[in-house]
Every structure is written in structure tokens, then in C-alpha cells.
Amino acid sequence: MSIALLLHVFAVVVWVGGMFFAHVALRPAAAATLEPPQRLTLMAAALARFFAWVAVSIAVLLVTGFALIAALGGFAAVGGAVHAMAGIGVVMTLIFVELRLRPYRRLRAAVAAKAWADAGAALAGVRQRVAVNLVLGIVTIAVAVLGQRGV
């Protein structure tokens, strides 16, 4: 169970930490220092790498999350904090899937076509969804820490 919990936490760090870095450091720095063609090309490339890691993290979170819940006796045996974490995690996953299928796909196509205005609009859609998922991720971490017995 300890290994599953460790992998679960690592996956959270990759996903939520990566969103925090991209949203509050990378994107603003790129916007302040690069012209649109370079900025949008950089963001599309960085997001491609990051989103591959997010997909792995989601798989790890699902496997380890259900393994941890099963080890505790199943959903009927765990408290509301675990139900909240699982529910928020599902919502975050759905947002990520939609982000990959719609605005991120448009960003990649627009960058490839050098349609910078379209790429900027698509990146704004990515940014909005990442911001929502970042807030949800922080809330989930708070639920995980504060929802523990004895805290």
C-alpha cells in the first residue's frame, strides 16, 4: 500500500505541479519575452511534452487510487474526503481529455499552419482549462490533507 500511495503522490506532483509551473511561470515569461510565433511554438512544444506526462499521471492515479480504496475496504468503507478526491479527479480527467481534443488540437494545427491569431485563441482555451484544473487540483490536495482523520 505504501508504494501505491507514493506513486499516487508522485503523479499528483507531476500533474498539479506542472500546471502551476506552466500557468504562473512559463506562460507569463514566454508572453513577456517572446513574439507570438516563438511563444506559441514554444507553448505547443512544451504542452506536448507535459500532456504526455499528464496522461501517464492520470493512468497512475486511477490505478493507485482504486488500489488504495480497495485496500481500505472499498468505497463503502472510506470517508467523504476519499469520495471527494475521486469525484474531483474524474472531473479533472474529463477536463483534460476535452482540452486535448479541442483547444490543444487547434493550437497544434494553428502553429503548424503559422496561423498565429488562431493559435493565440486556442492557447487561451488551453490556459482557461488548465486554470480550472489547477484550482481543482489544489482543492483536491487540501481535501486529501485536511480530510485525514485526526487533522
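Numbering (our numbering), first residue to last: 159 to 309. Where is the CB? At the ideal position from N, CA and C, for every residue including glycine.
Beta-carbon spacing of residue i, residue j below 8 Å
i: A282; j: A268; result: no
i: R266; j: A213; result: no
i: A280; j: R264; result: yes
i: V174; j: L304; result: no
i: W211; j: V249; result: no
i: I253; j: V290; result: yes
i: Y262; j: L205; result: yes
i: A188; j: V288; result: no
Status (buried if at least 16 other CB within 10 Å, exposed otherwise) for residue i
i: R207; result: exposed
i: G238; result: exposed
i: A229; result: exposed
i: L198; result: buried
Given residue i as reference, the closest of the options once Cα atoms are compared
i: T298; options: M159, F168, V240; result: V240
i: M243; options: I161, H166, A204, S160; result: H166
i: S160; options: L257, T222, P261; result: T222
i: I216; options: V170, L230, L200, A204; result: V170
i: Q306; options: V218, V288, V236; result: V236
Secondary structure of residue i, DSSP reduced to three states
i: M201; result: helix
i: A273; result: coil
i: V301; result: helix
i: Q306; result: coil
i: L226; result: helix
i: G232; result: coil
i: L192; result: coil
Where the alpha helix (DSSP H) through residue i begins and ends
i: M177; result: 176–179
i: M243; result: 238–259
i: F168; result: 160–170
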